[in-house]
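Protein chains in written order, with the numbering used here: chain H, -12 to 245; chain G, -12 to 245; chain Y, -12 to 245; chain A, -12 to 245.
Protein chains: 4
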Amino acid sequence: MAGNSFGQAFRITTAGESHGPANVVIIDGCPPGIPLSVEDLAVDLGRRRPGQSHIVTQRQEADEPEILAGVFEGRTTGTSIAILVRNTDQRSRDYGDIKDKYRPGHADYTYDAKYGFRDYRGGGRSSARETVSRVAAGVVAKKIIALGFGGKVIGYVKQVGEIVADVPQPELVTLEQVETLPDGSPNLVRCPDPARAAEMVELIERMRKDQDSIGGAAEIVATNVPAGLGEPVFDKLKADLGKALLSLPAVLAFERWL
Amino acid sequence: MAGNSFGQAFRITTAGESHGPANVVIIDGCPPGIPLSVEDLAVDLGRRRPGQSHIVTQRQEADEPEILAGVFEGRTTGTSIAILVRNTDQRSRDYGDIKDKYRPGHADYTYDAKYGFRDYRGGGRSSARETVSRVAAGVVAKKIIALGFGGKVIGYVKQVGEIVADVPQPELVTLEQVETLPDGSPNLVRCPDPARAAEMVELIERMRKDQDSIGGAAEIVATNVPAGLGEPVFDKLKADLGKALLSLPAVLAFERWL
Amino acid sequence: MAGNSFGQAFRITTAGESHGPANVVIIDGCPPGIPLSVEDLAVDLGRRRPGQSHIVTQRQEADEPEILAGVFEGRTTGTSIAILVRNTDQRSRDYGDIKDKYRPGHADYTYDAKYGFRDYRGGGRSSARETVSRVAAGVVAKKIIALGFGGKVIGYVKQVGEIVADVPQPELVTLEQVETLPDGSPNLVRCPDPARAAEMVELIERMRKDQDSIGGAAEIVATNVPAGLGEPVFDKLKADLGKALLSLPAVLAFERWL
Amino acid sequence: MAGNSFGQAFRITTAGESHGPANVVIIDGCPPGIPLSVEDLAVDLGRRRPGQSHIVTQRQEADEPEILAGVFEGRTTGTSIAILVRNTDQRSRDYGDIKDKYRPGHADYTYDAKYGFRDYRGGGRSSARETVSRVAAGVVAKKIIALGFGGKVIGYVKQVGEIVADVPQPELVTLEQVETLPDGSPNLVRCPDPARAAEMVELIERMRKDQDSIGGAAEIVATNVPAGLGEPVFDKLKADLGKALLSLPAVLAFERWL
Chain H
-12 MAGNSFGQAF RITTAGESHG PANVVIIDGC PPGIPLSVED LAVDLGRRRP GQSHIVTQRQ
48 EADEPEILAG VFEGRTTGTS IAILVRNTDQ RSRDYGDIKD KYRPGHADYT YDAKYGFRDY
108 RGGGRSSARE TVSRVAAGVV AKKIIALGFG GKVIGYVKQV GEIVADVPQP ELVTLEQVET
168 LPDGSPNLVR CPDPARAAEM VELIERMRKD QDSIGGAAEI VATNVPAGLG EPVFDKLKAD
228 LGKALLSLPA VLAFERWL
Chain G
-12 MAGNSFGQAF RITTAGESHG PANVVIIDGC PPGIPLSVED LAVDLGRRRP GQSHIVTQRQ
48 EADEPEILAG VFEGRTTGTS IAILVRNTDQ RSRDYGDIKD KYRPGHADYT YDAKYGFRDY
108 RGGGRSSARE TVSRVAAGVV AKKIIALGFG GKVIGYVKQV GEIVADVPQP ELVTLEQVET
168 LPDGSPNLVR CPDPARAAEM VELIERMRKD QDSIGGAAEI VATNVPAGLG EPVFDKLKAD
228 LGKALLSLPA VLAFERWL
Chain Y
-12 MAGNSFGQAF RITTAGESHG PANVVIIDGC PPGIPLSVED LAVDLGRRRP GQSHIVTQRQ
48 EADEPEILAG VFEGRTTGTS IAILVRNTDQ RSRDYGDIKD KYRPGHADYT YDAKYGFRDY
108 RGGGRSSARE TVSRVAAGVV AKKIIALGFG GKVIGYVKQV GEIVADVPQP ELVTLEQVET
168 LPDGSPNLVR CPDPARAAEM VELIERMRKD QDSIGGAAEI VATNVPAGLG EPVFDKLKAD
228 LGKALLSLPA VLAFERWL
Chain A
-12 MAGNSFGQAF RITTAGESHG PANVVIIDGC PPGIPLSVED LAVDLGRRRP GQSHIVTQRQ
48 EADEPEILAG VFEGRTTGTS IAILVRNTDQ RSRDYGDIKD KYRPGHADYT YDAKYGFRDY
108 RGGGRSSARE TVSRVAAGVV AKKIIALGFG GKVIGYVKQV GEIVADVPQP ELVTLEQVET
168 LPDGSPNLVR CPDPARAAEM VELIERMRKD QDSIGGAAEI VATNVPAGLG EPVFDKLKAD
228 LGKALLSLPA VLAFERWL
């Protein structure tokens, strides 16, 4: 079945694993004439990149995108776009000890049950490494939304453990607030409430010291969304958003606010 | 776009509104040889039917299903199944006063914005009346799950307002517990914790007296589910379940428990 | 798999067999505001109906359509449309002698191999009876084409056996010419070249007397088609038209003319 | 719309143009455990490559495939496969003179009408260069067919102009006959009837001298096909094969033989 595609009018299809040669996404349904460059892609791919601070996964990777198709003289052609991101830090040696072990909270057992064997070097196709393709496609989607109806999509960390950020006006949160603290230092947890952000970092560091991890919640705000997006009855906007987010490996819940 | 279909291997396509002549569902992908009768359908359609007690919507309707296609000599043929449920209690006169008003929490404004006009007699296609088709298709799905791998799916009310049921072993809840209280009377809120069930009814009645309503949470338990259902990466089981539930008009959140 | 749906922007899903209760089609993607009535549907359903002359299949059926959903106050709502046509002349007694025989050129053997059993009363789902749903959906499609860009689609018999009609200007052929001969009598073979039409009837009658049948070719002309219909690379217009026609039971070849 | 995908259980999605950086295909639905290497891919990509003789297009390109995803330790993983083929001979300088001209029989005008601009260096997405992705996916498909039920698919040229090959037993034609003439020289037109093959080459050379081209017909034979492939009613095998072939730029007709 076609589990590697998402969307209809704007449809993405992805391939790639944590330790294979590359991740690639094909984007179908992007209108012609949208300016698109590797520099555009690099911004969000850079934001996604692990290893940016001591509180996250330590994988180190340049994540340099290459546009393989669908762009001519700097603009989208209207036909399918392909974007490639190579895996440079495969570090498969680090994963050898888990060859015969199923990691809790991962799809290792499921993949063995479903496919009969799996890429033991890591999560393979089930790894969050796959989101590199989603981020690249998201850059294109955000451009269409911005050019098409002045819409903006911004996400940030709302909660870590029991610490809940105070974000009185979600629609006014800026990328600057999410990325940088008032003192100019990087906002490691990307929470726009600086006081809570500091507490969150402290909590994560404490959990880390105990060799544990901690869950949280992200809030995503879309502004200037035109009425009538989505389709009745199964492709309601909330249903498609929910599916998109719940298909991320670590996401276990979704809630729609007005 | 094809917003009226859901699923791939087992795919349902629906049509029908709250005040049109009928609701109909076409089911694609049901294996051949599954016993299927209108009596099978009637059980869950009966459970879904509004107007069964004073605490729910008062629409009165027989909801008698008719199998139009896909069944021969009492068994599914393997080709597409069609099930029809006529709308008998259209009561369009009751809705006349809302012809020019947008109801809060409904899709009235959205439909006007999207389509330019709408069936002002009720929710039209956005009405929860549409779930009659989902319930009919669900009967077929549950038969496949039961016959295919001995699986069972059962749902019940877990929470109303702040009242949370105590259900220590969700996998042992029976349909009998959900439908009937220990004293033999109908379980109006379908909560398998009888003490909480009584409190929930009381709360709903209080809200109703105040011309208000109250939210809640349903818990759905599937047992004997084989490993490997769903497809990486977008069609993960939790993502498809989330989308299915979030496409219901009143559902605003979804959470996966192990 | 979803073999009972066709199309994307305008998508039809069908169910129904030759000897089941009814055929039904759900149409997804029809714009709102298109006038649609059972009378509109009746015209082409009448043209499709077998038993209209001695040279065709003798099945007798009224084929009265019912619109179950998607139309409000005489206009399409923009949400899914459902159209029902009941099978009134099921005549299953006539087919009893073929219960254990596979008819050549039919899908009888294939269905047994694929599904393990079949509706022996006729072709079941493989019967051309299923085209009643396509014709109903075609009426809606032709309305969209006419209202959307003044397009017209007309089909006629171009060839029977070796007899080829002379149609010098296909784009000027009228429905009147296809339906009625110059002398006012019905054009039994629906060939707009009256001389060839007479020869075709004669040939078919001769074949019939010998208990044989004969193939032919239909030509379908679409005018005022806007440039750019279809999508690269797999959904080219010629590819989708080819698939649509080749999915008809009796069609074995497709050819695109400019 | 998703025009760049084909198939359901085995689904391919492609991107790439004649003069962009690369062509890429993502294959969804390949079972796990199928041995797959770049060497496997190279055989058919080599057969597809233009410029192999004086009677075909003179584009020169190595067409070296790279497997980006979906293969681990030489076998398919069951998750999506991605194959990349770079465009090395872009020769865009050669096409400059057609920047403002619409080539007859090409999609140049259609693309301008549909998208507002186009890659004037060649056919862009409409170029037959795109078939490099189909050939790569076809290698995988043929492996599944061979391993799954011992099936074989072979194609050859049946007709060029009025010259029709005599192929009395299509099911016995071998790849050797299609590729090599009895005297050991390459079979330039890939027609397994050597006498007709020679006439075809002569005809093509004559047309070429007159700066003209000539059409033909290919015959594709699949053996050991299991009964029941395809799905009623729209996804009949003949309908899907027809669509696949008619979606090739140069194919204008399709005919099914038993």
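Note that the Cβ used here is the ideal one computed from N, Cα and C, for glycine as well.
Status (buried if at least 16 other CB within 10 Å, exposed otherwise) for residue i
| i | result |
| --- | --- |
| A:T75 | exposed |
| G:T161 | exposed |
| Y:G38 | exposed |
| G:F136 | exposed |
| A:N(-9) | buried |
| H:P236 | buried |
| A:K230 | buried |
| G:P219 | buried |
| G:V122 | buried |
| H:A49 | exposed |
| G:Y98 | buried |
| Y:L228 | buried |
| Y:K223 | buried |
| H:E117 | buried |
| A:P52 | buried |
| A:G61 | exposed |
| H:Y107 | buried |
Contact under 8 Å by Cβ, residue i with residue j
| i | j | result |
| --- | --- | --- |
| Y:P19 | G:Y102 | yes |
| G:V119 | G:L32 | yes |
| A:P179 | A:Q164 | yes |
| H:R73 | H:A9 | yes |
| H:L168 | H:P181 | yes |
| H:A56 | H:I68 | yes |
| Y:E4 | Y:S114 | yes |
| G:V151 | G:V176 | no |
| Y:G16 | G:A(-11) | yes |
| Y:I201 | Y:A124 | no |
| A:T66 | H:R34 | no |
| H:S234 | G:F221 | yes |
| Y:G110 | Y:T210 | no |
| Y:K145 | Y:A204 | yes |
| G:L232 | H:R243 | no |
Residues bridged to residue i [DSSP beta-bridge criterion]
| i | result |
| --- | --- |
| H:F241 | G:F241 |
| H:V126 | None, per the DSSP bridge assignment. |
| G:T0 | G:S(-8) and G:I13 |
| G:P22 | G:R62 |
| A:E218 | A:D222 |
| G:K139 | G:T210 |
Between the segment 217 to 240 of chain Y and chain H, which residues of the former have CB atoms less than 9 Å from a CB of the latter, in chain order? E218, P219 and V220
Report the residue ranges of all beta strand (DSSP E) runs contained in full by the segment 143 to 214 of chain H; include only those spanning at least 3 residues, in chain order. 203 to 210
For the segment 40 to 62 of chain A, which residues have a CB atom closer than 9 Å to at least one CB atom of chain D, in sequence order? Any reference to chain D falls outside this structure, whose protein chains are H, G, Y and A.
Within 7 Å of chain Y by C-beta, residues of the segment 156 to 178 of chain A in sequence order: none
Within 8 Å of chain H by C-beta, residues of the segment -7 to 14 of chain G in sequence order: F(-7), Q(-5), A(-4) and T1
Going along the chain, which unbroken runs of the alpha helix (DSSP H) with 4 or more residues stay wholly within the segment 50 to 108 of chain A? 95 to 102
May I ask you to list, following chain order, the residues of the segment 185 to 210 of chain Y that have a beta carbon less than 8 Å from some beta carbon of chain A? none
For the segment 108 to 128 of chain G, enumerate the residues whose C-beta is nearer than 7 Å to any C-beta of chain Y, in chain order. G111 and R112
Taking a cut of 9 Å between CB atoms, which residues from the segment 85 to 104 of chain Y lie near chain G? Y98, K101, Y102, G103 and F104
Give me the subset of the segment 19 to 31 of chain G whose CB atoms are less than 9 Å from a CB atom of chain Y, sorted by chain position. P19 and G20
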